[in-house]
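Peer 1: Residue numbers (my numbering): 244 to 453.
Yeah, the Cβ is synthetic: ideal placement off N, Cα and C, and Gly gets one too.
Every value quoted in this text rests on a predicted model; they were computed, and no experiment measured them.
This is the structure I want to talk about, given as structure tokens.
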């Protein structure tokens, strides 16, 4: 795993979380930080945790405060947002199934990049940031084709037939991404290259599916 993708305080926070039992059973790390640990392509400064089980957000907030510095921003049923040891932290109940076995790092479960691929497609369809496009770009370069990612999306969300148009058009819609910051890259990547890659890909997919 590429630990240098996490700032020192984030590495420390992850160790604390792995050493303790504050998080619900079957909780896993996904999205950017998990992918950065797998690929080593960029710095990630926040933790996005997911669990299939319902949880008591207030209790988890109290438990986190016992093992480190936790400042809560949002505490509602099955959702906890805040900062743990100076690292942005989120925990959500997420009912969509994992398609592939998780990996382990510092006693934390990490989602497989192919599961993250499906989640990134959902994020881009909703409101894609530069981080989302960059992450999907590396997934497509390293572990899966776009055809594979569409299959993963359908298996996870059972919604490809309803959303294929939105997915394809969102891959070349960069208005939201343009107002977000480019992540700090550890592997040389230009936003212009990423944008052209997805523009070309969207055209190819449109010819095939639309």
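Select from 313, 270, 332, 402 the residue whose C-alpha is nearest the C-alpha of residue 365.
Peer 2: Ranking the options by Cα distance to residue 365, first place goes to 402.
Peer 1: Using a Cβ-Cβ cutoff of less than 8 Å, which residues in the same chain neighbour residue 252 once the five nearest sequence positions on both sides are dropped?
Peer 2: Contacts found: 328, 329, 330.
Peer 1: Using the DSSP secondary-structure output, state which residues sit across from residue 318 in a beta bridge.
Peer 2: For residue 318, which the question treats as bridged, DSSP gives the partners 323.
Peer 1: So for residue 333, helix, strand or coil by DSSP?
Peer 2: Strand, per DSSP.
Peer 1: Can you name, in chain order, every residue of its own chain whose Cβ lies under 7 Å from the Cβ of residue 357, other than the five neighbours on each side?
Peer 2: Closer than 7 Å at Cβ, skipping near neighbours: 342, 343, 386, 387, 395.
Peer 1: For the region 273-286 against the region 372-382, are there 3 or more C-beta pairs whose distance is under 8 Å?
Peer 2: They touch, by the three-pair rule.
Peer 1: Comparing C-alpha positions only, which one of 299, 412, 286, 420 sits nearest to residue 430?
Peer 2: Comparing Cα positions, the closest option is 286.
Peer 1: Report the residue from 321, 421, 415, 295 whose alpha carbon sits nearest the alpha carbon of residue 399.
Peer 2: Measuring from the Cα of residue 399, the nearest candidate turns out to be 295.
Peer 1: Quick check on residue 464: does DSSP put it in helix, strand or coil?
Peer 2: Residue 464 cannot be examined here, being either before or after the span of the chain that is shown, 244 to 453.
Peer 1: Going along the chain, which unbroken runs of the beta strand (DSSP E) with 3 or more residues stay wholly within the region 328-384?
Peer 2: Those beta strand (DSSP E) runs which fall completely within the region 328-384 and span 3+ residues are 330-336, 346-348, 351-353.
Peer 1: Please report the residue range of the beta strand (DSSP E) in which residue 292 lies.
Peer 2: Element bounds for residue 292: 289-294.
Peer 1: Hey, could you find the ends of the alpha helix (DSSP H) residue 272 is sitting in?
Peer 2: Not the alpha helix (DSSP H): residue 272 falls in the beta strand (DSSP E), residues 271-273.
Peer 1: Are the Cβ atoms of residue 227 and residue 353 separated by less than 9 Å?
Peer 2: Here the chain comprises residues numbered 244 to 453, so residue 227 is not present and cannot be evaluated.
Peer 1: Sorted by chain position, which residues of the same chain lie with C-beta nearer than 7 Å to residue 338's C-beta, five sequence neighbours on each side aside?
Peer 2: 295, listed in sequence order.
Peer 1: In this structure, what does DSSP give as the bridge partners for residue 428?
Peer 2: Answer is 285.
Peer 1: Per DSSP, what are the beta-bridge partners of residue 245 in this structure?
Peer 2: None, per the DSSP bridge assignment.
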